[in-house]
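Visitor:
Written as structure tokens, this is what we have:
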């Protein structure tokens, strides 16, 4: 290795939360990016940042004996986000929800439970507290079925179901256990008894459909207690309540937890396929009265919104003290017991839940070598796409393919061609340092590009719409309008705002270059 090379090591996550470190100035100071990230989401995010700042990116990855390399060159090739078309095979929702038959299914179900209970629910509460009217409008726009589910969780987070202390967290975890591993299974068997026959006269519970059985809670069962301890502590964390690992103390609390008797409902419908599930959601066959009741209850945010802020939890498999894998292992194995599926120990569960495939040094070396070949071409300044190669290898079967990368797709706006590498770059500061107003931005685009903006979006937020009463926004600075609409101040470290316009000259065009507005 070159002894004159200087390396500065960082240990930060690469995501929107780290943009204070890896912001506009950081990327503008780079000649290019070489990446070997461990998940698709991070790769797509980094690719988007490289496209924003028009920086070349070399991307490589391995999967056991398989490997790939991709070269992304500004204005010459397509980006990783467009090139990445493959995805892991998704498990049907009906299989996860009602008919698991492999440990992978129960582990994915446990991961979904974790995300829903400890991340999404808390995030939704915080979004509601930040902008109640906007949150309700967006949620109701996603359909009544999803809106009812989301608003129930939000009401639980700000209403009477909010825990007041550690004992409430233990009680919630115990009732959650009863719901998931006893009541839900009993309801499923009520709808489809163990001797149920299909319309063809064959046993319903056969083949991939395993007939489940409810579990009975036992405080002396290690797996049962593992679930309660982990679930209660995680539940406490999102509310800022300190928990404990002391099983004897938790058992004493459990003795006083009331578990209501369960009675199966004859009105519950169990979906056999994802299509049935989707049709049910689209049919609108739900409790509209309850939805209206929740809308009314949540129409005005609580006075003490700051005190009700929650703490969403991001799943981290590699910390053995954060209860994350404790929860996943216990939740998965209990569901596996329901369906008589062989359970998995912590190590195997971590490999499957974390989608970990052991790395092979020779694959890594081959991918690194292929990336270095493309790096030389970038340094030499090659401007012909035919000079570059994307690589795909599988050392297990002596497979190696080098192919020319695809060029960027072109699209027309007002009879002019653009690609994903194009944008409308606007310096938002005038000569005296004052920021441009929204009206001045619209006028600048009109004068510079001869395009009239009819609507302007920042993420999902509408900054301007010609058909709405937004005249008062035209005299405000662009960053003030963003803060007004999103209810979040533009951070000091943010130098560029990315906005997406619609133009009067080509309103039917689905793809348009973004406006990249330099706010500082």
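Residue numbers (the working numbering): -17 to 502.
C-beta atoms are modelled at their ideal positions from N, C-alpha and C, and glycine is treated no differently.
Quantities reported herein were computed from a predicted structural model and do not represent experimental measurements.
Between the Cα of residue 460 and those of 450, 448, 478 and 449, spot the shortest distance and give me the residue it belongs to.
Guide: To locate residue 460, count along the chain shown from 1; it is residue 478. Measuring from the Cα of residue 460, the nearest candidate turns out to be 478.
Visitor: Hey, how far is the Cα of residue 298 from the Cα of residue 457?
Guide: Stepping through the chain shown from its first residue, residue 298 is reached at position 316. Stepping through the chain shown from its first residue, residue 457 is reached at position 475. Those two C-alpha atoms are separated by around 45 Å.
Visitor: Between residue 28 and residue 246, what straight-line distance do the alpha-carbon atoms span, to the nearest angstrom?
Guide: Numbered from 1 along the chain shown, position 46 holds the residue referred to as residue 28. Numbered from 1 along the chain shown, position 264 holds the residue referred to as residue 246. Those two C-alpha atoms are separated by around 49 Å.
Visitor: Would the beta-carbon of residue 381 fall within 8 Å of that of residue 392?
Guide: On the chain shown, residue 381 is found 399 positions in, with the first residue counted as 1. On the chain shown, residue 392 is found 410 positions in, with the first residue counted as 1. No, Cβ-Cβ distance for residue 381 and residue 392 is not below 8 Å.
Visitor: In this structure, does DSSP put residue 30 in helix, strand or coil?
Guide: Along the chain shown, read from residue 1 onward, the residue named residue 30 stands at position 48. Three-state result, residue 30: helix.
Visitor: Can you tell me whether residue 483 is buried or exposed? The criterion is at least 16 other CB atoms within 10 Å of its CB, across all chains shown.
Guide: For this step, residue 483 is matched to residue 501 along the chain shown. Buried, because 16 or more other Cβ atoms sit within 10 Å of the Cβ of residue 483.
Visitor: Touch check for the region 158 to 170 and the region 195 to 205: three-plus C-beta pairs under 8 Å?
Guide: These segments touch.
Visitor: Taking 8 Å as the cut-off, decide whether the C-beta atoms of residue 293 and residue 190 are in contact.
Guide: By one-based count along the chain shown, residue 293 stands at place 311. By one-based count along the chain shown, residue 190 stands at place 208. No, they are not a contact pair.
Visitor: Tell me whether residue 358 is buried or exposed, calling it buried when 16 or more other Cβ atoms sit within 10 Å of its Cβ.
Guide: By 1-based counting over the chain shown, the position of residue 358 is 376. When all chains shown are included, residue 358 counts as exposed.
Visitor: Using CA atoms only, rank isn't needed, just tell me which of 253, 47, 174 and 404 is closest to residue 480.
Guide: The residue given as residue 480 occupies position 498 in the chain shown. Selected option, being the one with the closest Cα: 404.
Visitor: Under the assumption that residue 433 contacts residue 396 (Cβ atoms under 8 Å), give the Cβ distance between them as a whole number of angstroms.
Guide: The residue labelled residue 433 in the question sits at position 451 within the chain shown. The residue labelled residue 396 in the question sits at position 414 within the chain shown. Between residue 396 and residue 433 the Cβ distance is about 6 Å, and since that is below 8 Å, they are a contact.
Visitor: Any contact between the region 275 to 287 and the region 109 to 126? By contact I mean 3 or more CB pairs, one from each, below 8 Å.
Guide: Yes, they touch.
Visitor: Is the beta carbon of residue 53 sitting closer than 8 Å to the one on residue 372?
Guide: As a working note, residue 53 is residue 71 in the chain shown. As a working note, residue 372 is residue 390 in the chain shown. Against a cut-off of 8 Å, the Cβ pair of residue 372 and residue 53 comes out as a contact.
Visitor: List, from N- to C-terminal side, the beta strand (DSSP E) runs of 3 residues or more that fit wholly inside the region 132 to 197.
Guide: DSSP runs (the beta strand (DSSP E)) wholly in the region 132 to 197: none.
Visitor: Below 8 Å on the Cβ atoms is my guess for residue 144 versus residue 221; work out the distance and round it to an integer in Å.
Guide: Within the chain shown, numbered from 1, the residue matching residue 144 stands at position 162. Within the chain shown, numbered from 1, the residue matching residue 221 stands at position 239. That belief holds up - the Cβ atoms of residue 144 and residue 221 are roughly 7 Å apart, short of 8 Å.
Visitor: Below 8 Å on the Cβ atoms is my guess for residue 58 versus residue 367; work out the distance and round it to an integer in Å.
Guide: One-based indexing of the chain shown puts residue 58 at position 76. One-based indexing of the chain shown puts residue 367 at position 385. Indeed they touch by this definition, with Cβ atoms about 5 Å apart.
Visitor: From residue 68 to residue 341, what does the alpha carbon distance come to, in whole angstroms?
Guide: Locating residue 68 in the chain shown gives position 86, counting from the first residue. Locating residue 341 in the chain shown gives position 359, counting from the first residue. Residue placement at residue 68 cannot be trusted, given a pLDDT of 45 that sits under 50; the coordinates are not used to answer.
Visitor: Take the Cβ of residue 183 as the centre, count every other Cβ of all protein chains shown within 10 Å, and call the residue buried at 16 or more, exposed below.
Guide: Locating residue 183 in the chain shown gives position 201, counting from the first residue. So residue 183 ends up on the exposed side.
Visitor: If you reduce the DSSP assignment to three classes, tell me which class residue 376 lands in.
Guide: As a first step, residue 376 is located in the chain shown; it is residue number 394 there, counting from the start. Of the three classes helix, strand and coil, the one that applies to residue 376 here is strand, per DSSP.
Visitor: Within 8 Å, do at least three Cβ pairs link the region 102 to 113 to the region 78 to 92?
Guide: No, because fewer than three Cβ pairs between the region 78 to 92 and the region 102 to 113 fall closer than 8 Å, the two stretches do not touch.
Visitor: Would you say residue 60 and residue 495 are within 8 Å of each other, going by their C-beta atoms?
Guide: On the chain shown, position 78 is the one that residue 60 refers to. On the chain shown, position 513 is the one that residue 495 refers to. The answer is no: Cβ separation not under 8 Å.
Visitor: With a cut-off of 8 Å, do at least 3 Cβ pairs link the region 145 to 163 to the region 234 to 249?
Guide: Flag = yes, the region 145 to 163 and the region 234 to 249 touch.
Visitor: For residue 129, I'd like the list of residues in its chain whose CB is within less than 6 Å of its CB, leaving aside the five on either flank, ordered along the chain.
Guide: Mapped onto the chain shown, residue 129 falls at position 147. Hits under 6 Å: 121 and 122.
Visitor: With DSSP as the reference, label residue -2 as helix, strand or coil.
Guide: As a position in the chain shown, residue -2 is number 16, starting the count at 1. Note: residue -2 maps to helix in three-state DSSP.
Visitor: Given a threshold of 16 other Cβ atoms within 10 Å of its Cβ, counted over all protein chains shown, does residue -11 qualify as buried or as exposed?
Guide: For the purposes of this step, residue -11 is taken as residue 7 along the chain shown, with counting starting at 1. It counts as exposed.
Visitor: Please report how far the alpha carbon of residue 134 lies from the alpha carbon of residue 279, in whole angstroms.
Guide: As a working mapping, residue 134 is identified with position 152 in the chain shown. As a working mapping, residue 279 is identified with position 297 in the chain shown. Between residue 134 and residue 279, the C-alpha separation is close to 11 Å.
Visitor: Does the region 301 to 313 come close enough to the region 324 to 333 that 3 or more CB-CB pairs lie under 8 Å?
Guide: Yes, since at least three Cβ pairs between the region 324 to 333 and the region 301 to 313 fall closer than 8 Å, the two stretches touch.
Visitor: Given this structure, state the Cα-to-Cα distance separating residue 486 from residue 125, to the nearest angstrom.
Guide: By one-based count along the chain shown, residue 486 stands at place 504. By one-based count along the chain shown, residue 125 stands at place 143. Cα to Cα, residue 486 sits roughly 30 Å from residue 125.
Visitor: Might you give, ordered along the chain, the residues of its own chain that have their beta carbon closer than 8 Å to the beta carbon of residue 472, omitting 5 neighbours on each side?
Guide: The residue labelled residue 472 in the question sits at position 490 within the chain shown. Taken in chain order, the residues that qualify are 461, 464, 465, 479 and 501.
Visitor: Between the beta-carbon of residue 256 and the beta-carbon of residue 40, is there less than 8 Å?
Guide: The residue given as residue 256 occupies position 274 in the chain shown. The residue given as residue 40 occupies position 58 in the chain shown. Not closer than 8 Å, so no.
Visitor: As a quick exercise: from -5, 101 and 172, pick the residue whose alpha carbon is nearest that of residue 252.
Guide: Translated into positions along the chain shown, residue 252 becomes position 270. Minimum Cα distance to residue 252 is reached at 172.
Visitor: Between the alpha carbons of residue 51 and residue 374, how many angstroms are there, rounded?
Guide: As a working note, residue 51 is residue 69 in the chain shown. As a working note, residue 374 is residue 392 in the chain shown. Each residue's alpha carbon lies about 7 Å from the other.
Visitor: Determine the extent of the alpha helix (DSSP H) in which residue 116 is found, giving its start and end residues.
Guide: Here residue 116 refers to the residue found at position 134 of the chain shown. Note, residue 116: alpha helix (DSSP H), 114 to 122.
Visitor: Using alpha carbons as the reference points, say which of 176, 254, 86 and 315 lies closest to residue 333.
Guide: Here the question's residue 333 lines up with position 351 in the chain shown. Checked all of 176, 254, 86 and 315; the closest Cα to residue 333 is 86.
Visitor: From which residue to which residue does the alpha helix (DSSP H) around residue 54 run?
Guide: Here the question's residue 54 lines up with position 72 in the chain shown. Taken as a continuous stretch (DSSP letters only), residue 54 belongs to no alpha helix (DSSP H), being part of the beta strand (DSSP E) at 48 to 54.
Visitor: Among residues of its own chain, excluding the 5 on either side of residue 305, which ones have a beta-carbon nearer than 6 Å to its beta-carbon?
Guide: Numbered from 1 along the chain shown, position 323 holds the residue referred to as residue 305. Around residue 305: 212, 215 and 216.
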